[in-house]
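The working numbering numbers the first residue of the sequence shown as 971 and each following residue consecutively. The beta carbon of each residue, even a glycine, is placed where N, CA and C say it ideally should be. To start, the structure under review is shown below, and the notes come after it.
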Amino acid sequence: MFISSLKTKLIIFYFLLILFVAFIKVMSLHYIQLPQLYALEASSDEKDISRIKMAFTSKSKEYGVINYDNAVWDETYHFINNKNTEFTESNFVIDTYKSLGINGINIYDKQAKTVWHQAWDINNWSPLTFPPFDNPSSFVKKNILISDALISKNNNKPVSQVGFTFLNEKIILFAATSIFKSNLTGSANGTMLFWRFFDEQVLTDLQQRAGIDFTVELIQPNLKSMVKLTSKNVFIKNSYRTKKGEIYDVIPLITGNGGIKFTYKAPIRQFSTSWLNQSTITSSMLFLLTLFMLFIFFHYFIIRPILRADKRVTAIVKNNDHSIRFYSKRKDELGTLFNLIDRLLDSVESKEQQLTSHNIRLQHISQTDSLTKIPNRRAFDTHMKKSLNTSNLGLNISMMICDVDYFKKYNDSYGHAKGDEALYLIAQTLRKNLHEETDFVARYGGEEFVVVLKNTNKDNAQAVANNLIKIIADLKIPHRESDINDSVTISIGIHSFILDGQQQYMPFFELADEALYQAKEQGRNRAITKG
């Protein structure tokens, strides 16, 4: 028989709980207390692992700081161009390698070709060569040297990469930084690379930083996925201890290059795993008595009020009557809950109104270009569909596509921030010089804007376009890279048509685009009408 009453279910539950309380108490030690102790142990192990990982991180960052200081330096920057040997002979003597604790220094130009390199065997300080860096492979170029894309992503500022990699059967600690002038002006001129073989000296240094004596081994890329955490206790997740009493984890090398597995002896466990004792039996008996007292209290002060509240909420839902209230005088959490339900019912209508307002605001945001603050391409699409579906047949419509002349050169010369400012100023100028009641302007994409003029034939549209071209030119936005003017100009393609039940606007847009193309072909800074 299916039991639906909450009160009946709770009574049955408590009787079963009393019958099995002794068994539950004993098992709780095994499933709750011991797992918590194991979890504390795992947390402590995790902190030790973090200390080891921090040692690796601090070691690589230390190399990164030294590498950055040498890469972002006027003398290094000019050495790429003049190949002046006096620079390397005076700055990269063997004592430099000894003091920095590195095996090699490599300098590359912007094409990732080696300009200069030198490496020493730290054990006997004899010269050595390392082909993967001396003649950089595609892997080194892609994953270690600094690319133009990384610099561009960092707003044309120096980029550093530090870490560990595996090349020619050796683990390498490296630091690479893009070469810039000291004042960070201009563009990058190449990459400077410091590197060091992972040897006993490096391992000893890492052990001292972490305060833990650990060993390391290389995990090949094809085996990395097979290295999994193991748990000695089935109730403990993510335990780092193996059955041999060891702790390990993996530090990944650079992309697709495997990892470094470090292992150390786990500290001695500080708690007993025995779970059956006199304390467990005594506490179980006390728990039975407490459970019975709690059942009485729970029934009269919690279950009954909840059952009454259930009937009231059911009536609210069934009758959709938001006038029903609890008006509870209780001062505890249940009283607070009932009063909150009353407040919730009071605010339903207010929230619905707010939701409507928010939806309208979101609709506006979705159809506004975030940079120029004018309608975007989606808004243009909506506007054209409305215009074509209007009943004003025979209405003259003119569509204009405006394109900023040589805008890519402007961005390359003045930077994207200035380019954004110019686009904003042009957009706002177009908007202010059109009739808001009848005309429509939107950013179509990039440096292109589209203007729709209602009740405007091609002659009037040509006049409007010529006026806009003059107004934009009068802004006098400097453009030293323009082939036609010292300031920013625009070209406009125009197509005019009459509403006649058309369903698609793209054919008209394409004709306006062809007119724009002709305007560019004829020298830009002009408006051409097609059709």
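Query                                                                                                                                                          : Result
Where DSSP assigns a beta bridge to Asn1366, which residues make up the other side?                                                                            : Ile1468
Considering only DSSP beta bridges, list what Lys1235 is partnered with.                                                                                       : Glu1216
Need the endpoints of the beta strand (DSSP E) that Thr1174 sits in, please.                                                                                   : No beta strand (DSSP E) contains Thr1174, which is instead part of the alpha helix (DSSP H) from 1170-1180.
Just grab the DSSP bridge partners of Pro1448 for me.                                                                                                          : Ser1457
May I ask you to verify whether the segment 1145-1152 touches the segment 1100-1107, counting CB pairs closer than 8 angstroms and requiring at least 3?       : no
Nearest by alpha-carbon distance to Ser1173: which of Arg1295, Thr1306, Thr1233 is it?                                                                         : It should be noted that the sequence gives Leu, not Ser, for residue 1173. Comparing Cα-Cα distances from Leu1173 to each of Arg1295, Thr1306, Thr1233, the minimum goes to Thr1233.
Ala1180 to Leu1223, Cα distance in whole Å?                                                                                                                    : 19 angstroms
Could you give the first and the last residue of the continuous alpha helix (DSSP H) run that contains Val1132?                                                : Looking at the DSSP string, Val1132 is not in any alpha helix (DSSP H); the run it does join, the beta strand (DSSP E), is 1130-1137.
Per DSSP, which one or two residues make a beta bridge with Lys1140?                                                                                           : Leu1137
For the beta strand (DSSP E) that Phe1410 lies in, which residues bound it at each end?                                                                        : 1409-1415
Around the C-beta of Pro1345, are 16 or more other C-beta atoms found within 10 angstroms, so that it is buried, or is it exposed?                             : buried
Distance check for Leu1341 and Gly1501, CA to CA, integer angstroms please.                                                                                    : 33 angstroms
Is Ser1060 helix, strand or coil by DSSP?                                                                                                                      : helix
Since Gly1389 and Phe1377 are thought to touch, with beta carbons under 8 angstroms apart, how far apart are those beta carbons, to the nearest angstrom?      : 7 angstroms
What does the alpha-carbon distance come out to for the pair Ser1096 and Ile1072?                                                                              : 13 angstroms
Do you know offhand how far Lys1068's Cα is from Ile1092's?                                                                                                    : 8 angstroms
What residues in its chain sit with their C-beta under 8 angstroms from that of Asp1382, if we drop five residues either side in the sequence?                 : Glu1451
Reducing DSSP to helix, strand and coil, say where Phe1100 ends up.                                                                                            : coil
Are Phe1167 and Ile1142 closer than 8 angstroms when you measure CB to CB?                                                                                     : yes
Quick one: residues in its chain with C-beta nearer than 8 angstroms to the C-beta of Ala1349, no 5 flanking neighbours on either side, listed in chain order? : Gln1337, Thr1338, Ala1412
Indicate whether Gly1416 and Ile1454 have their beta-carbon atoms separated by less than 8 angstroms.                                                          : no
Indicate whether Lys1235 and Glu1216 have their beta-carbon atoms separated by less than 8 angstroms.                                                          : yes
By a C-beta neighbour count over all protein chains shown, 10 Å radius and 16 as the cutoff for buried, is Gln1240 buried or exposed?                          : exposed
Does the pairing of the segment 1288-1305 with the segment 1007-1019 give three or more beta-carbon distances under 8 angstroms?                               : no
How far does the beta strand (DSSP E) with Glu1187 in it extend, from its first residue to its last?                                                           : 1185-1189
For Asn1366, which option in Glu1391, Asn1051, Asn1427 has the closest C-alpha, if you only look at C-alpha atoms?                                             : Asn1427
Quick one: grab the DSSP three-state call for His1405.                                                                                                         : coil
Which one of Tyr1218, Leu1176, Trp1086, Lys1213 has the shortest CA to CA distance from Ile1189?                                                               : Tyr1218
Asn1052 lies in the beta strand (DSSP E); which residues open and close that run?                                                                              : Careful: Asn1052 lies outside any beta strand (DSSP E), inside the alpha helix (DSSP H) at 1044-1052.
Around the C-beta of Asp1470, are 16 or more other C-beta atoms found within 10 angstroms, so that it is buried, or is it exposed?                             : exposed
Of all the options Asp1316, Ala1435, Thr1360, which has the alpha carbon lying nearest to the alpha carbon of Ala1482?                                         : Ala1435
Just the C-alpha distance for Ile1294 and Ile1286, rounded to the nearest angstrom, thanks.                                                                    : 7 angstroms
Where in the segment 1336-1399 do unbroken runs of the alpha helix (DSSP H), each at least 4 residues long, occur, reported from the N-terminal end onward?    : 1347-1358, 1377-1384
Beta strand (DSSP E) containing Ile1075: first to last residue?                                                                                                : 1074-1078
Could you check what DSSP says for Leu1115 in three-state terms: helix, strand or coil?                                                                        : coil
In the DSSP assignment, what are the bridge partners of Asp1091?                                                                                               : Ser1096
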